[in-house]
Amino acid sequence: MRHIVSLLMENEAGALSRVAGLFSARGYNIESLTVAPTEDETLSRMTIVTRGSEEVIEQITKQLNKLIEVVEVMDLSEGEHIERELMLVKVRAEGAARDEMKRMTDIFRGRIIDVSDRTYTIELTGAGTKLDSFLQAIDRTLILETVRTGASGIGRGDRILKLQDR
Amino acid sequence: MELTGAEIAIRCLQEEEVEYVFGYPGGAVLFIYDALFNQDKVKHILVRHEQAAVHAADGYARSTDKVGVALVTSGPGVTNAVTGIATAYMDSIPMVVISGQVPTSYIGEDAFQEVDTVGITRPCVKHNFLVKDVKDIAVTIKKAFYLAKSGRPGPVLVDIPKDISLAKTEYEYPRSVSIRSYNPIVKADPAALKQALHLLLEAKRPMIYTGGGVILSDAAKQLTELVRLLGFPCTSTLMGLGGYPETDKQFVGMLGMHGTVEANMATQNCDVLFAVGARFDDRVIGNVKHFNSVPRKIIHIDIDPASISKRVQVDVPLVGDVANVLTEMLALLKASKHKTDTAAIAPWWKQINEWRGRNSLIYTQSTEVIKPQYVVEKLYEITRGEAFVTSDVGQHQMWAAQYYKFDQPRRWINSGGLGTMGFGLPAAMGVQLAHPGAPVACVTGEGSIQMCIQELSTCKQFHLPIKVIALNNRYLGMVRQWQEFFHGNRYAESYMDALPDFVKLAEAYGHVGIKIEKPSEVEDALKEAFARKDDLVFMDFRTDPTENVFPMVPGGKGLSDVLMAEDI
Ligand SMILES: Cc1ncc(C[n+]2csc(CCOP(=O)(O)OP(=O)(O)O)c2C)c(N)n1
Numbered sequence: 001m002r003h004i005v006s007l008l009m010e011n012e013a014g015a016l017s018r019v020a021g022l023f024s025a026r027g028y029n030i031e032s033l034t035v036a037p038t039e040d041e042t043l044s045r046m047t048i049v050t051r052g053s054e055e056v057i058e059q060i061t062k063q064l065n066k067l068i069e070v071v072e073v074m075d076l077s078e079g080e081h082i083e084r085e086l087m088l089v090k091v092r093a094e095g096a097a098r099d100e101m102k103r104m105t106d107i108f109r110g111r112i113i114d115v116s117d118r119t120y121t122i123e124l125t126g127a128g129t130k131l132d133s134f135l136q137a138i139d140r141t142l143i144l145e146t147v148r149t150g151a152s153g154i155g156r157g158d159r160i161l162k163l164q165d166r
Numbered sequence: 167m168e169l170t171g172a173e174i175a176i177r178c179l180q181e182e183e184v185e186y187v188f189g190y191p192g193g194a195v196l197f198i199y200d201a202l203f204n205q206d207k208v209k210h211i212l213v214r215h216e217q218a219a220v221h222a223a224d225g226y227a228r229s230t231d232k233v234g235v236a237l238v239t240s241g242p243g244v245t246n247a248v249t250g251i252a253t254a255y256m257d258s259i260p261m262v263v264i265s266g267q268v269p270t271s272y273i274g275e276d277a278f279q280e281v282d283t284v285g286i287t288r289p290c291v292k293h294n295f296l297v298k299d300v301k302d303i304a305v306t307i308k309k310a311f312y313l314a315k316s317g318r319p320g321p322v323l324v325d326i327p328k329d330i331s332l333a334k335t336e337y338e339y340p341r342s343v344s345i346r347s348y349n350p351i352v353k354a355d356p357a358a359l360k361q362a363l364h365l366l367l368e369a370k371r372p373m374i375y376t377g378g379g380v381i382l383s384d385a386a387k388q389l390t391e392l393v394r395l396l397g398f399p400c401t402s403t404l405m406g407l408g409g410y411p412e413t414d415k416q417f418v419g420m421l422g423m424h425g426t427v428e429a430n431m432a433t434q435n436c437d438v439l440f441a442v443g444a445r446f447d448d449r450v451i452g453n454v455k456h457f458n459s460v461p462r463k464i465i466h467i468d469i470d471p472a473s474i475s476k477r478v479q480v481d482v483p484l485v486g487d488v489a490n491v492l493t494e495m496l497a498l499l500k501a502s503k504h505k506t507d508t509a510a511i512a513p514w515w516k517q518i519n520e521w522r523g524r525n526s527l528i529y530t531q532s533t534e535v536i537k538p539q540y541v542v543e544k545l546y547e548i549t550r551g552e553a554f555v556t557s558d559v560g561q562h563q564m565w566a567a568q569y570y571k572f573d574q575p576r577r578w579i580n581s582g583g584l585g586t587m588g589f590g591l592p593a594a595m596g597v598q599l600a601h602p603g604a605p606v607a608c609v610t611g612e613g614s615i616q617m618c619i620q621e622l623s624t625c626k627q628f629h630l631p632i633k634v635i636a637l638n639n640r641y642l643g644m645v646r647q648w649q650e651f652f653h654g655n656r657y658a659e660s661y662m663d664a665l666p667d668f669v670k671l672a673e674a675y676g677h678v679g680i681k682i683e684k685p686s687e688v689e690d691a692l693k694e695a696f697a698r699k700d701d702l703v704f705m706d707f708r709t710d711p712t713e714n715v716f717p718m719v720p721g722g723k724g725l726s727d728v729l730m731a732e733d734i
């Protein structure tokens, strides 16, 4: 099963390598990992997309919690949540393909953010599956470059991951 | 008053009431050594190899309830220490390691004796720190001690660059620290406690399985009281020996790969298994599938939530400090009208006693050649079970565990998790320093002892009258045993050729050496050695090279797949 795990950790040098090291040392799989500071400058928030059985995911969250610099851990996929990923795609856009590319971008609610005589750079956000669909919908031979951020996730409604008072 | 980082580091050790620092100097720690030199509260033990510094700090910690402290220089000092740190990590031993680092402005330049210490040690420490500002030294060391000792204990490393140890700042030792992201759970959930007790009292075939957590949490007293009140059989892992008195009739011996038949069969066939500070390690329960083939309820006390349901699914988790949880359980049991139904578990005891009747630790005595088991039995008799026994890794370690009966905790000191050859002698140094005057024996093999033999020199310098009991079978015996059983008697590189004359070697280091070749000499040699209260005595017992450790559950098999001596 695919899981999306969010965590808050101390915004300190080395914290990221502890998390990454944990995954490689214990043989857990990482599909994507994103990390950036939050509104509280002492904390960073990380989103990890991983796969594993229920037992493995339980171990992953426990082992993450055990890391001294990890403040809070939440398996977002245990409840309602929203997931978004940003993708930048540079495509060849010449002749007939130029219009077609524009049309597909509109259909997927993307934006063209850079234009040259021969290329478009398209920005697209959404769940990972939507980004995959876009790449499948356009002519693959025209893709010059893709950059994806990996998923970020957040709980719906009152599901909030924040520093707990203890 | 302003102090240098080095002075602050030593002041912090004084504040923590550190008695001994085990270490080895070098460029990056020169200022710290200078600060050590200028005081006499914290004593420094100069080892002969950094691995030994960490093992000695480890032995000190295991035999007391204190934090062991080691001090090493950057680069090779740290890499030499890694084996010791990993050893302590695998067995959850509280320890603080202070390492020197190249000056901050050199970090990342491949400077002389630079290694990424925080990176290299990250997977084998509970936590580590690189101190980048002299103002952080005191609070970092305070945190290191707090982390090392609290929750599930473990080694914590503090890496101090040379310029930081020279820089000055105002010194004040923090009275306490708190780390917002670190809040170990120490008290178990009351509802789960009740449920656990209920399950235990309803059991028809109950079994108590204890581990190193009992020792680490100093819970032997509570455990003993509870086991006696319940009247259940009790076994222990290699790491938990001494947590429950081994000479008590409710104790069924050690379980696991070389556990007794009764301990393994009872663990496999019980209907309620109560795991106390143990972690269902592969050397203990063997193959998980086979283990799970018998339905049973499992209650598990562990301070580390990640230990719960890691290898084996647990029915009633009790996350908390073992001593705390057992104390609460005792109170609950004493207040309850419900007690153990002795008649209901009588058939279970009868079954266990039948297994016991197979006498799985029996061995064939010889008048010609010394049996290693016999040496350990005699060691037990002569020290009246009161010695501290350290060990290395191999057959001798298993025989020491099987034939020395530990009635008290913190007496059996060995590397269970990592299985580090070379641990025994340096660990014994830490034990002897912590317990001056107490009998300390290091049961070792001729292979293992050579991995840290240079420490005989440290023992001379600091007058440590350790009794080295080398069960010298001329083989890397445990390797040879596996080759005999599983590799068609092909003894690839397991014969220890070109052995030194250990008697002369001991003498060269200024100690006493004795060679013992006949069974009839064993007892007298041991008596003589222990009578020499002030000397380190190296006993080279020439033991039967063909002897194997039984019973044995082969790797990957289940607890009831026991090989006995007569099966081979
Ligand atoms: C540092 C290290 N290297 C290798 C091993 C693998 N190993 C386990 S037992 C053993 C043999 C130990 O021989 P010895 O110390 O003579 O003890 P014996 O088994 O003969 O009693 C070896 C090589 C180990 N445990 N530790």
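Chain order of the listed sequences is S and Z. The opening residue of the first sequence carries number 1 in this note's numbering; numbering runs sequentially from there. The opening residue of the second sequence carries number 167 in this note's numbering; numbering runs sequentially from there. Note that the Cβ used here is the ideal one computed from N, Cα and C, for glycine as well. Treat the numbers as computed from the prediction; the structure is a model and nothing was measured.
Item: Can you tell which of Z:H424, Z:V488, Z:Y375 has the C-alpha that lies nearest to the C-alpha of F446 of chain Z?; Value: Z:Y375
Item: At a CB distance below 9 Å, what residues from the segment 473 to 495 of chain Z approach chain S? Give them in sequence order.; Value: S473, I474, S475, K476, Q479
Item: So the candidates are Z:D282, Z:S344, Z:Y570, Z:K544; which of them puts its Cα closest to the Cα of G14 of chain S?; Value: Z:D282
Item: Taking the C-alpha atoms as reference points, what is the distance between R140 of chain S and L131 of chain S?; Value: 13 Å
Item: Would S557 of chain Z pass as a contact of T624 of chain Z if the rule is Cβ separation under 9 Å?; Value: no
Item: Between which residues of its own chain and R371 of chain Z is the CB-CB distance below 6 Å, once the five residues before and five after are set aside?; Value: C436, D437, W514
Item: Alpha carbons only, please: which of S:D165, S:R118, S:V5 is nearest the one belonging to G79 of chain S?; Value: S:V5
Item: Return the CA-CA distance between K500 of chain Z and P350 of chain Z, expressed in angstroms with no decimal places.; Value: 28 Å
Item: Could you spell out the range, first to last residue, of the beta strand (DSSP E) harbouring V187 of chain Z?; Value: 186 to 189
Item: Please list, in chain order, the residues of the segment 222 to 252 of chain Z that have any C-beta partner in chain S closer than 7 Å.; Value: none
Item: At what residues does the alpha helix (DSSP H) containing R98 of chain S begin and finish?; Value: 96 to 107
Item: Would you list, in sequence order, the uninterrupted alpha helix (DSSP H) runs of no fewer than 4 residues that lie entirely inside the segment 247 to 332 of chain Z?; Value: 283 to 287, 303 to 315, 328 to 332
Item: Run down chain Z in chain order and give the residues with a C-beta less than 8 Å from the C-beta of S17 of chain S.; Value: G285, R288
Item: Is V645 of chain Z near ligand 1, judged by its Cβ being under 8 Å from some heavy atom?; Value: yes
Item: Taking 9 Å as the cut-off, decide whether the C-beta atoms of M718 of chain Z and M423 of chain Z are in contact.; Value: yes
Item: Which chain Z residues are close to A20 of chain S, counting only those with a beta carbon under 8 Å from its beta carbon?; Value: Those within 8 Å of A20 of chain S in chain Z number zero; the least Cβ separation is about 10 Å.
Item: Buried or exposed for M101 of chain S, going by 16 or more other Cβ atoms inside 10 Å?; Value: buried
Item: Thinking C-alpha only, which one of Z:R394, Z:R449, Z:L392 is nearest L725 of chain Z?; Value: Z:R449
Item: Report the CB separation of T403 of chain Z from A444 of chain Z in whole angstroms; it is logged as a contact under 8 Å.; Value: 5 Å
Item: Could you check whether the Cβ of Q479 of chain Z sits closer than 8 Å to any heavy atom belonging to ligand 1?; Value: no
Item: With H, G and I counted as helix, E and B as strand and the rest as coil, what does DSSP make of K633 of chain Z?; Value: strand
Item: Pairing CB atoms from the segment 202 to 212 of chain Z with CB atoms from the segment 574 to 585 of chain Z, are three or more of them under 8 Å?; Value: no
Item: Verify whether the separation of the beta carbon atoms of I615 of chain Z and F696 of chain Z is less than 9 Å.; Value: no
Item: Report the residue ranges of all alpha helix (DSSP H) runs contained in full by the segment 442 to 507 of chain Z; include only those spanning at least 4 residues, in chain order.; Value: 448 to 451, 454 to 458, 488 to 501
Item: For T549 of chain Z, tell me which candidate among Z:P711, Z:P605, Z:K455 has the shortest Cα-Cα distance.; Value: Z:P605
Item: Mind the definition here: the segment 669 to 679 of chain Z touches the segment 586 to 594 of chain Z only if three or more C-beta pairs lie below 8 Å; say whether that holds.; Value: no
Item: Do Q279 of chain Z and N246 of chain Z have their beta-carbon atoms positioned less than 9 Å apart in this structure?; Value: no
Item: Using beta carbons (cut-off 9 Å, strictly below), is Y348 of chain Z in contact with chain S?; Value: yes
Item: Is any heavy atom in ligand 1 found nearer than 8 Å to the beta carbon of V89 of chain S?; Value: no
Item: Give every residue of the same chain whose Cβ lies closer than 7 Å to the Cβ of V645 of chain Z, excluding the five residues on either side of it in the sequence, and list them in chain order.; Value: S660
Item: For a test of your reading of the model: does the CB of H562 of chain Z fall under 8 Å from any non-hydrogen atom of ligand 1? Yes or no.; Value: yes
Item: Flag H293 of chain Z as yes if its beta-carbon sits less than 9 Å from any beta-carbon of chain S, otherwise no.; Value: yes
Item: Give the straight-line distance between the Cα atoms of H466 of chain Z and V187 of chain Z, rounded to the nearest whole angstrom.; Value: 36 Å
Item: Using CA atoms only, rank isn't needed, just tell me which of Z:S316, Z:V352, Z:T306 is closest to Q483 of chain Z.; Value: Checking the displayed sequence, the identity of residue 483 of chain Z turns out to be Pro instead of Gln. Residue Z:V352 is the option with its Cα nearest to P483 of chain Z.
Item: Report the three-state DSSP secondary structure of E72 of chain S (helix, strand or coil).; Value: strand
Item: Between M662 of chain Z and E612 of chain Z, which are expected to be in contact by the criterion C-beta below 8 Å, what is the C-beta distance as a whole number of angstroms?; Value: 6 Å
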